[in-house]
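In the numbering used here, the protein residues as written are 778 to 1057.
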């Protein structure tokens, strides 16, 4: 499937999951070429969301650095993908660093010798992104080629490249199936995503992130419906069938909540959104 279709869902998904924990910037132009556009940057904010909505391994990845570039590949990662990722990040940071240094000088954040203060340097460093590449799969040969080493503290499937690159790779198919990884597994292949969604379905209807992820799936499905049917791949069509199943399940959950007198306003809102998008 063309990568751009999954890019759209990926952006909906990350923005929905992490809107209470920081700011997401999308489609950052770094060159006159769409291939050298950064899909998404996440800027972490210190707020209660990190304690109130715990997303397991995904949270630990997103707290690697104050500024994170996130890239997603819906099939095997290739050497050219890594090369482009490095180029995009370097082009972005070269320009951004110049702007930040000039801004600090304008604010007179300098030492007696005219150099940037330690605090100013740290503030700039916090904006030099770390890149996580999320991929469905990746060959052992490519991992060896880029000298990727297992990040043992983060578990199987997570690798770090040489420190100077400020980059890591997450191979979704290698992640263990557990409550710690379900939010990442939603970005895996269709079987991985279905299994993850079964776990997400079991979460409390009061979980904000659960309801927002369903809404993100709906928005993506509506996007696919705007594409001429002869341009849809079997994977696109399978996603839409899965969404119909999700819709039916969610309607049943809403009806049960009504019978039990436990329906929250935000659940009603999410249900209304699904009915409007899919039709009664």
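All C-beta atoms, glycine included, are put in the ideal place defined by N, C-alpha and C.
Let me make sure I understand the geometry here. Which of 974, 859, 896, 904 has the alpha-carbon closest to that of residue 924? 859
Residues that residue 844 bridges to, as DSSP identifies them: 820
Could you name the residues that DSSP lists as bridge partners for residue 813? Answer is none; residue 813 lacks a bridge partner.
At the level of alpha carbons, what is the spacing between residue 986 and residue 817? 19 Å
When we look at the beta-carbon of residue 867 and count the other beta-carbons within 10 Å, is it buried (16 or more) or exposed? exposed
What are the partner residues of residue 945, as DSSP defines its beta bridges? 909, 937
Could you spell out the range, first to last residue, of the alpha helix (DSSP H) harbouring residue 826? 826 to 829
Return the CA-CA distance between residue 955 and residue 943, expressed in angstroms with no decimal places. 27 Å
Please classify residue 880 as buried or exposed, where buried requires at least 16 other C-beta atoms within 10 Å of its C-beta. exposed
Which one or two residues does DSSP pair with residue 900 in a beta bridge? In DSSP, residue 900 forms no bridge with anything.
Cβ-based burial, residue 808 [other Cβ within 10 Å; buried from 16]: exposed
Report the option in 905, 825, 853 whose CA atom is closest to the CA atom of residue 846. 905
Is it buried or exposed, residue 934, if we count other Cβ atoms within 10 angstroms and call 16 or more buried? buried
Member of 983, 871, 963 whose CA lies at the smallest distance from the CA of residue 786: 963
Would the segment 823 to 836 and the segment 848 to 857 be scored as touching if the rule is three or more Cβ pairs under 8 Å? no
Ends of the alpha helix (DSSP H) at residue 800? Run containing residue 800: none in the alpha helix (DSSP H); it sits in the beta strand (DSSP E), 799 to 806.
Give me, in chain order, the residues of the same chain whose beta-carbon lies closer than 6 Å to that of residue 835; leave out the 5 immediate sequence neighbours on both sides. 960, 961
Residues near residue 792 in its chain [Cβ-Cβ closer than 7 Å; skip 5 each side]: 801
Identify the residues that DSSP records as bridge partners of residue 795: which are they? Paired residue(s): none; residue 795 is not in a bridge.
Please classify residue 867: does DSSP put it in a helix, a strand, or coil? helix
Take the Cβ of residue 795 as the centre, count every other Cβ of all protein chains shown within 10 Å, and call the residue buried at 16 or more, exposed below. buried
Drop a sphere of 10 angstroms on the beta-carbon of residue 936, count the other beta-carbons inside from all chains shown, and report buried for 16 or more, exposed for fewer. buried
Going by DSSP, which residues form a beta bridge with residue 790? None; residue 790 has no bridge partner.
Under 7 Å between the Cβ atoms of residue 865 and residue 813? yes
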